[in-house]
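Before any comments, here is the structure.
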Amino acid sequence: MAEESDGIAEAFEGQLRVLITAASQVGERIARLREAAARRAQAQSEQEARELRSRIEVEQRAARAELANVYRPDWWDRADAKQIGHTYQVARAWANDDPEAGRAEQHMRDQLRSRYGVDVNNTQADPAAVSAAVERAQRDLAGASDERNRSSAEIAEAQRLMAEANREERRNEHEAMTDADAGDSERGAAEMKYDSAERRERTARDLEAKGIDGEAVATKMRADVSQAHPATAAVKDAGGPKKSKARETRGRAAQVQRSGLDR
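So for the sequence shown, our numbering puts the first residue at -1; every next one is plus one.
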């Protein structure tokens, strides 16, 4: 492009000097901000530090993918001043933390000098134009940061909703288990209440009021004390063998009564 004689090359190189100077300044600011964010996250909590490291790793991989272009001659042939400036900004932002970015930045320096005669350390760019380019780059960064923050907020909200759903599920499971335990306790309490002196006295009075012999009533109460279960439990536990035993008991009782009458 240096062979052009219609002023296009000069305009391109002038723009490139401005953008490279601005890119160097903005890239250094990005690196400082990233370091400060890492310190703040580490001071707040280990979880925030891990989340920030994950985001930085994603950004670093994206930076490496972009910086891989600088080793391709065809990229230099097609790239405009804005593309070159942005890629140099990325290289400068990561140069101190990533050796690959450091090598890419040095390669760009060499290419800028050999292709366009631009010395990164002394671009001779117009200061006012550089200030305006820096402001534009910072606005672009702010917009990108807002977009990332919205994405992060959406992810955080989704994670919060998932955690709340998990807590609700665990709470429902706990309540179900508690209700089951309470049911068992109530049944146990009912059985204990059934086995009470008041209940036995009331039953004895009812039996005596029906004309049943006092000794037979006493025997019945002693049997209740030994069993200590309500009628519902007896129904649930009833089976063939137990019914046979009950018939045998009634048979023996009838024999005892007949023997007493015989006397």
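Ideal placement from N, C-alpha and C gives every residue a C-beta, glycine not left out.
Short Cβ contact (7 Å threshold) for residue i with residue j
i: Ala39; j: Leu31; result: no
i: Ala20; j: Ala131; result: yes
i: Leu14; j: Tyr86; result: no
i: Asn94; j: Ala29; result: yes
Run of the alpha helix (DSSP H) containing residue i, from where it starts to where it stops
i: Gln339; result: Because residue 339 is not part of the residues shown, which for the chain are -1 to 261, the question remains open.
i: Ile210; result: Element bounds for Ile210: n/a, residue is neither H nor E.
i: Tyr69; result: Premise fails: Tyr69 is in no alpha helix (DSSP H) and is neither H nor E.
i: Ala91; result: Ala79 to Trp92
Three-state class that DSSP yields for residue i in the structure shown
i: Thr217; result: helix
i: Ala118; result: Inspection of the sequence shows that residue 118 is occupied by Val rather than by Ala. Val118: coil per DSSP, three-state reduction.
i: Asp204; result: helix
i: Ala99; result: helix
i: Asp124; result: coil
Contacts around residue i, its chain only, beta-carbon distance under 8 Å, and the 5 residues preceding and following it disregarded
i: Ser52; result: none
i: Val88; result: Gly25, Ala61, Glu64, Leu65 and Ala99
i: Lys240; result: Here the model assigns Lys240 a pLDDT of 46, short of 50, so the residue's position is not dependable and the matter cannot be decided.
Cβ-Cβ separation, residue j to residue i (assumed contact under 8 Å), whole Å
i: Val118; j: Arg107; result: 5 Å
i: Ala91; j: Leu17; result: Not really, about 15 Å apart at Cβ, beyond 8 Å.
i: Glu11; j: Val116; result: 7 Å
i: Gln58; j: Asp96; result: 6 Å
Neighbourhood of residue i by C-beta, 6 Å cutoff - its chain only, sequence neighbours within 5 removed
i: Asn67; result: Trp73
i: Ala216; result: none
Residues near residue i in its chain [Cβ-Cβ closer than 7 Å; skip 5 each side]
i: Tyr69; result: His105
i: Ala102; result: Leu65, Val68 and Ala89
i: Gln81; result: none
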